[in-house]
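Let me begin by presenting the structure, written as structure tokens, before commenting on it.
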Amino acid sequence: MMRSTSLLLPLFSGLAAATLICRPEGPVLPKPALQDTPAIKDAAASLTKTLDAAVSGAIKAGWPVENVSFSLAVISKDQKDPGVPLWEYHHLATNNVIGTKKLDRDSQYLIGSVSKVISDYILLKSGVDINTPVTKYLSELKDSPSRIRWEDVTLKMLASQLSGAPTNYGFSEFYYLKEVFLATASIPNSRTISYQVLTIALDFLKGMTKSYPVVAPMERPAYSNIAYTILVMAIEEATGKNYTQLVENIVAKPLDLQNTVPSPGDDKRAVIPPGDSGWGADYGYNAPGGGLVSSLGDLSKFAHAIMTRSIDLTPTQVRQWLKPQAYSGGFSAVGMPWEIFRPHNLTPKHPHPVTIFVVDEYGLSLVVLTAGPMNAVTFLTDAILGTFVPAADEASRAQAKKEYARTFKSGCAKNNTSMIDVSFDLDNHSLVISSIRRNGSDILAAMTKIWSMTMGQFTSNFGSTVRLFPADLDEKTTLHGKPVTSEVWRLWPEFASIGESDLPRSGTLMDDCVMWTLGDWVHYGGEPMDRVLFYRDGDGHVVGFEAPFLRSGILQLAKNISD
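In my numbering, the protein residues as written are 1214 to 1776.
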């Protein structure tokens, strides 16, 4: 049975672009300490060499390297400094002659729709009820007849691309007639007018009552920048603070972000592509959807805070934030505001679905920042995913084999009336139980029999393979007077077969992981039979194992047992 893992990916279409790839959901292998693993070091060296070749012209990049500057980073949960990535790469294009002359992790990019991630975080931290209709705060939307039933649209729907709001109010009209608008506004510097003049000139909220919905609210996701204008206008009304203040007080100061502000940023530190890039514009009410400036270092801190749950939300709130809200296509979904994909080909040696938007299995985040033609984003994102995700998978398996795929015993037989030993192994998919024996009796076979007897109505029978999956329920405790971390894992017995039938079969349900519905069903003596614990010391080494339903206490590593 294939198992899935997860990654994080909001995208932006424009001349300046950013991709942020982070973490949550449940892993299937232990999260490795990536800092010094050979697989990650080899991946970093390999991608650095390949990128050097691409920007030098030795190999085909796929985009005009002279016009595209970019910064890439890999962030590990265990890195020492949140703002200093595990690996980073920077390229300042030769035609990027305006702005910074030294590209590094503090250089400023216009981050496009990654701004929506920041805006959604502000919503979650604002104290405003996200399920409140937007009309509670913006009464103008309900005081006039409207083609959109705004009273049915909540703040969460706006933040999840499910409101049906127009995509860009007046954008194309303004863009192609901007010279007329500029002449009418009589503002000499076009960089200071941008979208703010547009929204003021067109009387934004009144315009929203006359606009057509793209789809019915909650029907399906429909990408909307305007939804974030409306969302933040409501938050401003509820909090009494403007967007600049919200970014500074809720995001930048608490997370120590030095370069994250609404555009315009600092020209001297900026990565500015040639041509009409949008850099230096005051995005005004459109800043929440695509007008923030940030840096590789700041986004590294932000991603690290998500992975370590130090982002000033509870762990449960973070998990909820990083969940899909609706399907958007064949293999994609939309969250708040995550665009989520589930490819099967990122780990070719061990194929399984990887949910791209946050890699929780590996404690890994990726950042891609570009300034220039947009086709570079696809190539660079694919390159960093295709290099580091397989490496992290390899590192995770190496750690699982070294620390978990071992034998644990209850102690020497002469001092114990009941001798228990439990052994684990690693196959292509996950950690598995090799054996559980008490005084020579096969407890694992007995467990399989009990599962088959108890849950036989769901399947013909269970096989001998029992997998383990972490539950992300770690707790600090002590073992033999020393501090340790207890990790809760759950057992997952696999079906031997679903039976035979001569009826026509589409195969649709063959990959359905029914076991997600059957966890925690069988208890023995008040303890779940599928709940077990591993114990790790302060250095991250596994030093003990416990299956509470066996009443055996904590088992020690076999090599530590002394007769």
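Virtual Cβ for every residue (Gly too), placed ideally from N, Cα, C.
The structure displayed is predicted, hence computed values, not measured ones.
Length of the line joining the Cα atoms of V1602 and I1361: The alpha-carbon of V1602 is positioned some 43 Å away from that of I1361.
Pair within 9 Å by beta-carbon distance, D1177 and G1325: As displayed, the chain neither begins before 1214 nor continues past 1776, which places residue 1177 out of reach and without an answer.
Which same chain residues end up closer than 6 Å to L1260 when comparing Cβ atoms and leaving out the 5 residues on each side of it in sequence? Here L1260 has T1600 as same chain residues with Cβ atoms under 6 Å from its own Cβ, once five neighbours each way along the sequence are excluded.
With burial defined as no fewer than 16 other Cβ atoms inside 10 Å of the residue's Cβ, what is the status of Y1442: buried or exposed? As written in the sequence, residue 1442 is Thr, which differs from the Tyr given in the question. Buried.
Measure the C-alpha to C-alpha separation of W1551 and L1535 and round it to an integer number of angstroms. Their backbone Cα atoms lie some 8 Å apart in a straight line.
Starting from G1420, trace the alpha helix (DSSP H) both ways and give me its first and last residue. Here the alpha helix (DSSP H) through G1420 covers F1417 to K1423.
Candidates A1518, P1475 and K1338: which alpha carbon is nearest I1448's? Checked all of A1518, P1475 and K1338; the closest Cα to I1448 is K1338.
If you run the structure through DSSP and keep just helix, strand and coil, what is Q1458? DSSP places Q1458 in helix when its eight states are reduced to three.
Cα-Cα separation, N1499 to S1545: Rounded to the nearest angstrom, the two C-alpha atoms are 26 Å apart.
Taking its Cβ as the centre, do 16 or more other Cβ atoms sit within 10 Å of P1329, making it buried, or is it exposed? According to the sequence as given, residue 1329 is Lys; it is not Pro. The residue is buried, with at least 16 neighbouring Cβ atoms inside 10 Å.
Can you tell me the Cα-Cα spacing of S1385 and G1453, whole angstroms? Residue placement at S1385 cannot be trusted, given a pLDDT of 49 that sits under 50; the coordinates are not used to answer.
Can you give me the start and stop residues for the beta strand (DSSP E) that Y1302 sits inside? Where Y1302 is concerned, the enclosing beta strand (DSSP E) starts and stops at W1300 to H1304.
Hey, S1476 and P1434: beta-carbon distance below 9 Å or not? Against a cut-off of 9 Å, the Cβ pair of P1434 and S1476 comes out as no contact.
So the beta strand (DSSP E) A1584 belongs to, where does it begin and stop? Counting along the chain, the beta strand (DSSP E) containing A1584 begins and ends at L1577 to A1584.
Helix, strand or coil for I1767? Go by DSSP, reduced to three states. I1767: coil per DSSP, three-state reduction.
At 3 residues or longer, and completely inside the segment 1282-1331: list those beta strand (DSSP E) runs for me, N to C. As far as the segment 1282-1331 is concerned, its whole beta strand (DSSP E) runs of at least 3 residues are 1282-1289, 1300-1304 and 1321-1323.
Rounded C-alpha distance that separates S1507 from E1688: Rounded to the nearest whole angstrom, the C-alpha separation of S1507 and E1688 is 35 Å.
Taking the alpha carbon of S1437 as the point to measure from, which residue in S1714, G1502 and V1445 has its own alpha carbon closest? Among S1714, G1502 and V1445, the Cα nearest to that of S1437 belongs to G1502.
Might you give, ordered along the chain, the residues of its own chain that have their beta carbon closer than 7 Å to the beta carbon of L1768, omitting 5 neighbours on each side? Residues of the same chain with a CB within less than 7 Å of the CB of L1768, apart from the 5 flanking positions on each side, are F1621, K1622, S1623, I1633, V1635, G1757, F1758 and E1759 in chain order.
Which residues does DSSP list as the beta-bridge partners of K1615? Paired residues: none, contrary to the question.
Beta-carbon proximity list for P1528, same chain, < 6 Å, skipping 5 on both sides: Once the five neighbours on either side are set aside, the close Cβ partners of P1528 are R1522.
Between the CA atoms of T1457 and G1585 - distance to the nearest angstrom: Here the alpha carbons of T1457 and G1585 stand approximately 26 Å from one another.
Limits of the unbroken beta strand (DSSP E) element including D1638: Per DSSP, D1638 belongs to the beta strand (DSSP E) from I1633 to L1639.
Just verifying my parser: in three-state terms, what is the DSSP assignment at R1482? Reduced to three states, the DSSP call for R1482 is helix.
For Q1606, which of helix, strand or coil comes out of DSSP? The identity of residue 1606 in the sequence shown is Asp, whereas the question assumes Gln. Shown here, D1606 sits in a helix according to DSSP, grouped into three states.
If I follow the unbroken beta strand (DSSP E) through V1735, where does it start and stop? Counting along the chain, V1735 falls outside any beta strand (DSSP E), and DSSP gives it neither H nor E.
CB-CB length for D1319 against N1558, believed under 8 Å: About 35 Å separates the CB atoms of D1319 and N1558; that is not less than 8 Å, and the two are not in contact.
Could you pull the start and end residues of the beta strand (DSSP E) that F1758 belongs to? Per DSSP, F1758 belongs to the beta strand (DSSP E) from V1755 to E1759.
Euclidean distance between Cα positions of H1736 and M1742: Counting only the Cα atoms, M1742 lies some 5 Å from H1736.
Quickly, what does DSSP pair V1547 with across the bridge? List them, please. Beta-bridge pairing links V1547 to A1539 and E1552.
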